[in-house]
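Take a look at the structure below.
Numbering (the working numbering), first residue to last: 13 to 316.
Given below as structure tokens:
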């Protein structure tokens, strides 16, 4: 028997000064009530009640347990109530991680909309290009761009992420629009490099993967500056469409090489278990899944 159950039984006997009255209140047999009190006395090694055939009263040790256990049980009951609420009503704090690049798309707006819908939820958003250990670092949900190599997590596919090769109209006019990815070797490449590795851009050519090793004209460790640099006629960038959709709509950037760009990149939600997730996390997963799939969503993932 759990210690809290034993203490609750003990307190009922103390309040009523009767084992039989406590048994009726708890819908238990008097024998079980006596058994639970005896277990508690054996656990602490002290007598908790003075017993006669007509009267039950607390010993000094029993009075101490009664006085001290009340606030503890109240705290436990309050905590249990809050936990049940979090299992059924979105509330509490969520820790979410995402790569820096997605923060420059519609992700921030989506999270803001979610918080507006569920005002009892608070958010700890950790932007990093490093793949975090969700358990070790206390992360509830990771938003990642695939593939996802870790087999010890639950992965839910959210949306396809279209990529584009773009430059300014003036840049294309001066340097020419490439008709094949191999021609990029003669262009100024503006690249985001998070790990210090060589610049490699992947394309499809006749159904096969074409990987190009390129020498960047500008190499940055965050994708955020690239659209502005490209719009200044400085070179070519290869990025997720949501990052540059505004500049494309305004005519500041123009695409190229569309037939060669792979359409196999997806955004995933990654978490550690299927069962017993909080209502806040369950609601966030459902919201992101539905919103990213909705035509006209602020997170513009594809144009087809």
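By construction, the Cβ of each residue, glycine as well, lies at the ideal position given by its N, Cα and C atoms.
All values derive from a computational prediction rather than experimental measurement.
Here residue 106 is bridged, per DSSP, to 135. With a beta-carbon spacing of about 19 Å, residue 209 and residue 193 fall beyond the 8 Å limit used to define contacts.
Look at residue 147 here: in three-state DSSP terms it is coil, with no helix or strand label. Taken in chain order, the complete beta strand (DSSP E) segments of 3 or more residues contained in the stretch 15 to 98 are 61 to 63, 68 to 70. Comparing alpha carbon positions, the residue from 232, 60, 90 closest to residue 79 is 60. In the three-state scheme derived from DSSP, where H, G and I count as helix and E and B as strand, residue 155 is classed as strand. Unbroken beta strand (DSSP E) stretches of 3 residues or longer found wholly inside the stretch 276 to 307: 278 to 283, given in chain order. A straight-line Cα-Cα distance of about 21 Å links residue 306 and residue 282. The way I'd put it, the stretch 142 to 151 doesn't touch the stretch 262 to 277; fewer than three beta-carbon pairs between them come closer than 8 Å. Taking C-beta atoms as the reference points, residue 21 and residue 48 count as a pair closer than 7 Å. With distances taken between CA atoms, residue 211 lies nearest to 231 out of 219, 220, 231, 195. Out of 23, 125, 278, 233, the CA that lies nearest to the CA of residue 73 is found in 23. Taking a 10 Å sphere around the C-beta of residue 53, we find 16 or more other C-beta atoms and assign the residue as buried.
7 Å or more divides the Cβ of residue 165 from the Cβ of residue 199. By the Cβ test, the stretch 129 to 136 is not in contact with the stretch 255 to 266, since fewer than three Cβ pairs between them sit closer than 8 Å. Here residue 231 carries a strand assignment [DSSP, helix/strand/coil]. The bridge partners DSSP lists for residue 214 are 223. A residue is called buried once 16 or more other Cβ atoms fall within 10 Å of its Cβ, and residue 118 is buried on that count. Put simply, the stretch 295 to 305 does not touch the stretch 176 to 193. Fewer than three CB pairs are less than 8 Å apart.
DSSP links residue 268 through a beta bridge to 177. With respect to residue 152, residue 91 sits apart: the two C-beta atoms are not nearer than 7 Å. Taking a C-beta distance under 7 Å as the contact criterion, residue 169 and residue 278 qualify as a contact pair. In this structure, residue 139 and residue 110 form a Cβ contact; the two beta carbons are roughly 6 Å apart against a cut-off of 8 Å.
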